[in-house]
Amino acid sequence: MIGIYFSGTGNSKYCIEKFLQEYDSGAEAFSIENEELLIKIREHEDLVFSYPVQFSNLPKIVKDFVDQHHQLWKNKRVFVIATMGLFSGDGAGLLARMLHQHGAVITGGLHLKMPDSISDEKALKRSIEKNRHLVADAGKKAAEAAYKTKNGTPPQEGIGPFYHLAGLFGQRLYFYNRTKHYTDQLKINTHKCTGCGLCAAVCPMKNITLVDGRAKSGNQCTMCYRCINRCPRQAITLLGKRVVEQCRIENYL
Ligand SMILES: Cc1cc2nc3c(=O)[nH]c(=O)nc-3n(C[C@H](O)[C@H](O)[C@H](O)COP(=O)(O)O)c2cc1C
Ligand code: SF4
Ligand code: SF4
Numbered sequence: 001m002i003g004i005y006f007s008g009t010g011n012s013k014y015c016i017e018k019f020l021q022e023y024d025s026g027a028e029a030f031s032i033e034n035e036e037l038l039i040k041i042r043e044h045e046d047l048v049f050s051y052p053v054q055f056s057n058l059p060k061i062v063k064d065f066v067d068q069h070h071q072l073w074k075n076k077r078v079f080v081i082a083t084m085g086l087f088s089g090d091g092a093g094l095l096a097r098m099l100h101q102h103g104a105v106i107t108g109g110l111h112l113k114m115p116d117s118i119s120d121e122k123a124l125k126r127s128i129e130k131n132r133h134l135v136a137d138a139g140k141k142a143a144e145a146a147y148k149t150k151n152g153t154p155p156q157e158g159i160g161p162f163y164h165l166a167g168l169f170g171q172r173l174y175f176y177n178r179t180k181h182y183t184d185q186l187k188i189n190t191h192k193c194t195g196c197g198l199c200a201a202v203c204p205m206k207n208i209t210l211v212d213g214r215a216k217s218g219n220q221c222t223m224c225y226r227c228i229n230r231c232p233r234q235a236i237t238l239l240g241k242r243v244v245e246q247c248r249i250e251n252y253l
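Each residue of the sequence shown is one higher than the last, beginning at 1 in UniProt numbering.
Written out as structure tokens, the structure reads:
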């Protein structure tokens with residue numbers, strides 16, 4: 001087995017690593033940003049995927065990755081992990097249905113509640129203690145799911161028609177436009193920005209460039225919140241007006 005993940009602040013990476021440690025300690029997880037990944041996928045029949053839910057939908061970068069490489073999924077056996085701050089309905093089912101259409105066999109799904117990566121909305125913030133508990137619980141749940149999968153009884157969270165309806169009416173229909181395209185809504189405060197270039201270096205979409213010594217955003221943002229959570233000057237926002245607390249998995253281990 002190999003792991004495939006996309007992760008803005010490290011939650012989905014952490015969860016897939018916990019799953020793989022229990023399932024097969026020699027198995028590796030690769031980000032969809034890793035150039036080696038396509039070769040690795042061709043070499044393995046058993047896959048586990050992990051990604052964050054965005055507005056009860058898939059991040060655009062994940063959708064595009066799966067579609068662009070549609071020929072890779074036929075006959076693969078795939079277990080799907082969706083991480084989320086609160087609720088997603090069919091977080092795992094979203095990718096499961098796409099992969100099934102491309103010929104994959106879905107073995108199961110798992111939903112893991114983690115710290116919310118949206119760092120510029122105060123209402124979504126929890127205490128560090130609460131986030132530490134969430135991460136510890138998710139790690140245990142991922143290991144249990146791996147154990148069950150190994151023993152032929154994988155969990156089926158997010159898979160099937162009941163979850164599909166919960167996802168659709170939970171919030172996906174309402175927020176559908178937010179994840180349909182990449183966005184141009186990222187805001188960079190040029191008075192705060194020192195031009196250090198960290199945001200541009202970490203962006204999976206190469207959406208940020210340095211112009212005249214200041215960061216500038218384009219229209220290809222996949223809303224992963226990585227740059228927002230890493231900027232040393234808290235100069236970047238997307239959904240809210242001010243960065244409340246920069247969240248990264250390392251803060252909660
Ligand atoms: C743009 C955006 C939208 C989100 N929408 C949801 C949502 O609909 N439901 C939810 O439970 N969490 C939502 N979240 C929270 C993330 O899914 C959650 O924090 C996830 O674990 C982040 O994982 P990562 O660090 O691997 O990117 C959203 C996060 C972002 C950045
Ligand atoms: S990380 Fe922050 S300070 Fe550094 S270039 Fe980007 S916006 Fe400016
Ligand atoms: S601009 Fe920031 S939030 Fe958008 S994709 Fe790049 S790193 Fe992620």
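Even for Gly, the Cβ is constructed at its ideal location relative to N, Cα and C. Because the structure is a prediction, the values reported are computed rather than measured.
- Not one heavy atom of ligand 1 is found less than 6 Å from the C-beta of Q246.
- Straight-line measurement puts the Cα of I39 at about 16 Å from the Cα of V48.
- Using a cutoff of 6 Å, the CB of L198 counts as near ligand 2, since one of the ligand's heavy atoms is closer than that.
- Taking the Cβ atoms as the reference, S88 lies roughly 4 Å from V53, within the contact range of under 8 Å.
- Non-local beta-carbon contacts of T83 in its own chain, meaning distances under 6 Å to residues more than five positions away in sequence, involve N11, S12, C15, P52, L112 and M114 in chain order.
- Taking the Cα of V105 as reference, the smallest distance to any Cα among E45, V66 and G197 is reached at E45.
- For K241, there is no enclosing alpha helix (DSSP H), as DSSP gives it neither H nor E.
- According to DSSP, residue pairing for F79 in a beta bridge involves V48 and G108.
- For I236, the shortest C-beta to heavy atom distance toward ligand 2 is below 6 Å.
- Here R178 has F55 as same chain residues with Cβ atoms under 6 Å from its own Cβ, once five neighbours each way along the sequence are excluded.
- Assignment of beta-bridge partners to I236 by DSSP yields I188.
- Taking all protein chains in view, the Cβ of D137 is surrounded by fewer than 16 other Cβ atoms within 10 Å, so the residue is classified as exposed.
- At least one heavy atom of ligand 3 sits closer than 6 Å to the Cβ of L186.
- Nearest Cα to P204 within the set M1, E35 and A27: E35.
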